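Take a look at the structure below.
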Amino acid sequence: LTGSQADGDALEQELDFYAQKIREQLGALVFGMGTDRLEASIGRMLEEQGKMLVTAESCTGGYLAHLITSVPGSSNYFKGSIIAYSNEVKMKQLNVKPQTLETYGAVSEQTVAEMTRGAIGLLDADVAIAISGIAGPGGGSPDKPVGTIWLAVGNREKVLTRRIYAGKDRLKNIEYSSVHALNFVRQFLLQEQEAKIS
């Protein structure tokens with residue numbers, strides 16, 4: 310929201326009024342105000358809930374962890390990341406079953422779910438987010454075209470998965486999927502918070 314008025318205090322009050330109306334309509338879709346960043350918002354949520362986050366990344370190659378650690382104080386809620394770019398690392402570090410990779414492939418719902426559980430176990434965390442996809446420009450197939458990305462977020466009790474489709478531009482796909490992953494973590498934390506209140 311922007312505006313202009315001679316009386317700065319009156320303008321600020323009016324902007325606050327309309328911002329509140331927008332928040333009421335959009336609810337949980339709003340993660341912050343002004344220059345607030347999604348990764349900072351997630352950091353506050355993790356700290357408020359006393360939880361530690363880890364990431365397990367394949368196609369993003371650490372970009373998600375980079376976004377999270379770009380926030381000052383992120384060591385209070387972020388333990389680390391496993392960059393499991395190869396299937397070997399997925400199996401050896403994150404305990405992804407060879408049968409899962411053979412049957413469903415590295416870019417699959419089953420693989421990211423196992424990556425999430427493996428990251429939680431390996432790094433002793435409360436919440437994990439995993440990403441595996443085909444960033445491009447090559448590597449796609451008719452079943453899994455370039456831009457197919459699987460995400461999983463979870464804790465020790467449950468894992469949620471989501472498939473998204475990006476474009477054909479590698480760098481944009483890495484950024485796009487990382488932002489989606491951050492928002493998936495935010496949605497998961499909101500659900501967990503609401504479950505505690507209920």
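Take 310 as the starting number for the sequence shown in the working numbering and just add one per residue.
Glycine included, each C-beta is placed from N, C-alpha and C at the ideal position.
Computed from a prediction, not measured in an experiment: that's the story for all the values here.
When you compare the segment 379 to 391 with the segment 405 to 416, are there three or more beta-carbon pairs, one atom per stretch, that lie closer than 8 angstroms? Touching, no.
Separation of G352 from P454, as counted between CA atoms: Taking the sequence shown and counting its residues from 1, the one referred to as residue 454 is at position 145. Taking the sequence shown and counting its residues from 1, the one referred to as residue 352 is at position 43. If you draw a straight line from the Cα of P454 to the Cα of G352, it comes to about 33 angstroms.
Note the first and the last residue of the continuous alpha helix (DSSP H) segment covering Y394. Within the sequence shown, the letter at position 85 stands for residue 394. First-last for Y394: undefined, no H or E at that position.
Coarse secondary structure for I443, derived from DSSP in three states: As a first step, residue 443 is located in the sequence shown; it is residue number 134 there, counting from the start. In the structure shown, I443 sits in coil (DSSP, three-state: anything other than H, G, I, E or B).
Quick one, are the C-beta atoms of V421 and A439 less than 8 angstroms apart? Position 112 of the sequence shown, counting from 1, holds the residue named residue 421. Position 130 of the sequence shown, counting from 1, holds the residue named residue 439. Yes, the Cβ-Cβ distance between V421 and A439 is below 8 angstroms.
Compute the beta-carbon to beta-carbon distance between E470 and E418, rounded to the nearest angstrom, for a pair I have assumed lies under 8 angstroms. Taking the sequence shown and counting its residues from 1, one reaches residue 470 at position 161. Taking the sequence shown and counting its residues from 1, one reaches residue 418 at position 109. Here residue 470 is Thr; the residue named in the question, Glu, does not match the sequence. Confirmed, Cβ separation roughly 5 angstroms.
Which whole-angstrom value is the C-beta distance of E366 and S395, which I expect to be below 8 angstroms? Taking the first residue of the sequence shown as 1, we reach residue 366 at position 57. Taking the first residue of the sequence shown as 1, we reach residue 395 at position 86. Actually they do not touch by this definition, with Cβ atoms about 12 angstroms apart.
Segment limits, alpha helix (DSSP H) that includes V455: Indexing the sequence shown from 1 puts residue 455 at position 146. Looking at the DSSP string, V455 is not in any alpha helix (DSSP H), and its letter there is neither H nor E.
Sequence-distant residues of its chain with Cβ nearer than 6 angstroms to M354 (five each side left out): Taking the first residue of the sequence shown as 1, we reach residue 354 at position 45. Answer for M354: L498, listed in chain order.
If we count Cβ pairs, one from each stretch, closer than 8 angstroms, do we get three or more for the segment 318 to 329 versus the segment 458 to 474? Contact between the segment 318 to 329 and the segment 458 to 474 is absent: fewer than three C-beta pairs spanning the two stretches fall below 8 angstroms.
Expressed to the nearest angstrom, what Euclidean distance is found between the alpha-carbon atoms of Y413 and R426? By 1-based counting over the sequence shown, the position of residue 413 is 104. By 1-based counting over the sequence shown, the position of residue 426 is 117. Taking the straight line from one Cα to the other gives about 17 angstroms.
Using the three-state DSSP reduction, which class does G463 fall into: helix, strand or coil? Start at 1 with the first residue of the sequence shown, and residue 463 comes out as number 154. Reduced to three states, the DSSP call for G463 is strand.
Inter-residue Cα distance where the pair is K505 and Q358: As a working mapping, residue 505 is identified with position 196 in the sequence shown. As a working mapping, residue 358 is identified with position 49 in the sequence shown. Roughly 11 angstroms between the two C-alpha positions.
The beta strand (DSSP E) spanning Y474 covers which residue range? Within the sequence shown, residue 474 is the residue found at index 165, counting from 1. Its beta strand (DSSP E) spans residues V468 to Y474.
C-alpha gap between G456 and H489, whole angstroms: The residue you call residue 456 lines up with position 147 of the sequence shown. The residue you call residue 489 lines up with position 180 of the sequence shown. If you take the alpha carbons of G456 and H489, they lie about 13 angstroms apart.
Drop a sphere of 10 angstroms on the beta-carbon of E348, count the other beta-carbons inside from all chains shown, and report buried for 16 or more, exposed for fewer. The sequence position of residue 348 within the sequence shown is 39, counting from 1. E348 is buried by the Cβ-count criterion.
With distance defined between alpha-carbon atoms, name the residue in P451, Y372, I473 and S450 nearest to A461. On the sequence shown, residue 461 is found 152 positions in, with the first residue counted as 1. Comparing Cα-Cα distances from A461 to each of P451, Y372, I473 and S450, the minimum goes to I473.
Can you tell me whether V416 is helix, strand or coil according to DSSP? In the sequence shown, the residue the question calls residue 416 occupies position 107. Here V416 sits in coil by DSSP.
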